[in-house]
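The structure under discussion appears below in the form of structure tokens.
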């Protein structure tokens, strides 16, 4: 176990390194540099050349990379050329919003998927199972942005049950009950759009797992010993099938990041996805790079955690 | 005794070798026939494809692209069956051209990324060892990357952006899943006796891969290509929706949907964005239902027929 743990963690280091180099090289190929944002009537061309030299922008790229990554590791993400603010400040609130939305999507999708997966697996080929499988096909095939738009159109514009954008009512004060309620209200539509489609993987996994497990020898043994059917499922089958689901969390991160870009743009939800889109259309590349770096690192670390948890839950994986 | 006899008769019947074996095509067709959803999907998809491709052939592009400022956001009428957009252009015409572009580009991306994935997967799975190890680590890495963000950045940065560049970029990222699948199947296949026998006979590796292993993977490849085709159309229309896909001169279904980011349009002019959204949904559902039927055909344990 220790050997696996060590090996799996060590793989992560070159991954993070390559990711940061890729982003850095991508950044170098982008028009403009860290000083472009300061170009204004107060600064003349000669002063700019001087500043460039001073900022080390004429150094070889590996030296610049070393300086950049050093700053990033120390939490200095640089300055946004458009907002004239530190990138850390820009990310601050929006990171919270994105985390909140992602957490609520994950939670709701598990709340839907786990019972449905269990029902479909236990009563295979019943009409309920067929209905669930059908829903799952739909969830798999429907593109997120189309579904989100239709949800917004029906519940936001036509029925007007929920707000159509933002993360909170501007009139609500922080810390009050109204604030919390308003925040929840704004979460409903994006969560609905995201979670109803995100159920696909979990339902399919659980259904297949239970179908495979319920004909295994240890289950037959339990049945022949006279264990009641309800207990066979709750204590022998589910325990085996449900545990790995907890480990899948980290694998979901890449998907959640992609989803947040669509959801936040459609529901005008002020999160990292929306910041990413607005920064890219205003060519604010210092913000863009940091966002890609954060998302990529989150996905790499998440995948590693999932691998570790999974190998702990299911020792067979370690051999691989 | 009699009970034994009567029960043993059907067993011996089924034990008798059949003289004909169903080909892959036959199995796939019978699986589709036996699944009503898949059959309807196939009929509907064929109808859509015929309409879209003959329609785009017959349509007058110039007439569709002509801006008519007196006719902005016109409601559906006998002149414009699905109304007009912000430039007074006919939605139905754009819808047909857009569907043609989206489907064609989806197919091309699927084929290119399929070819890369197939080649890498076959090589990785057949040879194993260090090659396999290195390739798999690279694939693990690419799969984790926030693909959507990186594609959007690349599209913004690239000096010349047109349809071939778009297709290349997506293909570069989308082969990994296929490579992984093909690799695992090839690995299982290359441990079988027929491959070892061929090796002993001195058949060159490339011949074993192309003429012996590859045919055994054909059903899996067809299924995977079908299912990823739906996904790729989704990715293309999604990127175009965000404004990082096809340029407006090459309309996609996503272009029409993207008009919905204007709150006024989404609320009052449903005919602009809803038909395209539903068409994307219908196309993807049809392809998926067909794909699921083909998947069952490829796996003897799951067959309905």
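Protein chains in written order, with my numbering: chain A, 1273 to 1592; chain B, 2 to 306. All C-beta atoms, glycine included, are put in the ideal place defined by N, C-alpha and C. Note that the structure is a prediction, hence the values are computed from the model and not measured.
- A straight line joining the alpha-carbon of residue 1522 of chain A with that of residue 1395 of chain A spans about 30 Å.
- Bridge pairing for residue 91 of chain B: B/85 [DSSP].
- With a threshold of 8 Å between beta carbons, residue 99 of chain B makes no contact with chain A.
- Between residue 1415 of chain A and chain B, the shortest Cβ-Cβ separation is below 8 Å.
- For residue 1475 of chain A, not one C-beta of chain B is nearer than 8 Å to its own C-beta.
- Going by beta carbons, residue 1409 of chain A and residue 290 of chain B fall inside the 8 Å limit.
- A Cβ-Cβ distance of about 6 Å is found for the pair residue 1557 of chain A and residue 1299 of chain A, placing them in contact under the 8 Å criterion.
- Residue 195 of chain B has a beta carbon lying at 8 Å or more from every beta carbon in chain A.
- Residues of the segment 19–45 of chain B that bring their beta carbon within less than 8 Å of a beta carbon in chain A are absent altogether.
- For residue 1409 of chain A, at least one C-beta of chain B is nearer than 8 Å to its own C-beta.
- Membership of residue 133 of chain B in the alpha helix (DSSP H) is indicated by the continuous run 130–145.
- Put simply, the CB of residue 1460 of chain A is far from chain B, with every gap to its CB atoms at 8 Å or more.
- Put simply, the backbone Cα of residue 1413 of chain A is about 48 Å away from that of residue 1332 of chain A.
- Relative to residue 1492 of chain A, the option among A/1504, A/1537 and A/1358 whose CA is nearest is A/1504.
- Taking 8 Å as the cut-off, the beta carbon of residue 180 of chain B is found closer than this to the beta carbon of residue 125 of chain B.
- Just measuring C-alpha positions, the residue of B/224, B/209, B/208 and B/147 sitting nearest residue 1565 of chain A is B/147.
- Listed along chain B, no residue sits closer than 7 Å to residue 1519 of chain A by beta-carbon distance, the nearest being about 16 Å off.
- Secondary structure at residue 1503 of chain A: helix, using DSSP grouped into helix, strand and coil.
- Closer than 8 Å to the CB of residue 1571 of chain A there is at least one CB belonging to chain B.
- Residue 1580 of chain A and residue 1279 of chain A have their C-alpha atoms roughly 11 Å apart.
- Per DSSP, the continuous alpha helix (DSSP H) segment holding residue 1573 of chain A begins and ends at 1557–1585.
- Rounded to whole angstroms, the Cβ separation of residue 174 of chain B and residue 143 of chain B is 7 Å, and the two are in contact under 8 Å.
- Taken through DSSP and simplified to helix, strand or coil, residue 37 of chain B comes out as helix.
- Taking the beta carbon of residue 1537 of chain A as reference, the chain B residues within 8 Å of it are 243 and 262, listed in sequence order.
- Within the same chain, Cβ atoms closer than 6 Å to the Cβ of residue 1380 of chain A are found at 1463 and 1467, the five residues on either side in sequence being excluded.
- Within the same chain, 97, 100, 101 and 104 come within 8 Å of residue 53 of chain B by CB-CB distance, once the 5 residues on both sides are set aside.
- Residue 1418 of chain A belongs to the set of residues whose beta carbon lies under 8 Å from a beta carbon in chain B.
- In this structure, residue 1475 of chain A lies near residue 1388 of chain A, with their beta-carbon atoms less than 8 Å apart.
- Per DSSP, the continuous alpha helix (DSSP H) segment holding residue 1546 of chain A begins and ends at 1544–1553.
- Assignment of beta-bridge partners to residue 1351 of chain A by DSSP yields A/1358.
- When 8 Å is used as the limit between beta carbons, residue 1400 of chain A is near no residue of chain B, the shortest such separation being about 18 Å.
- With respect to the 8 Å criterion, residue 1424 of chain A and residue 1539 of chain A are classified as neighbours on the basis of their beta carbons.
- Straight through space, the alpha carbons of residue 187 of chain B and residue 123 of chain B are spaced by roughly 6 Å.
- Within the same chain, and ignoring the five residues on either side of residue 157 of chain B in sequence, the residues whose Cβ sits closer than 8 Å to its Cβ are 245.
- With its beta carbon less than 8 Å from one in chain B, residue 1302 of chain A belongs to the interface.
- According to the DSSP assignment, residue 1534 of chain A belongs to the alpha helix (DSSP H) that extends over 1524–1538.
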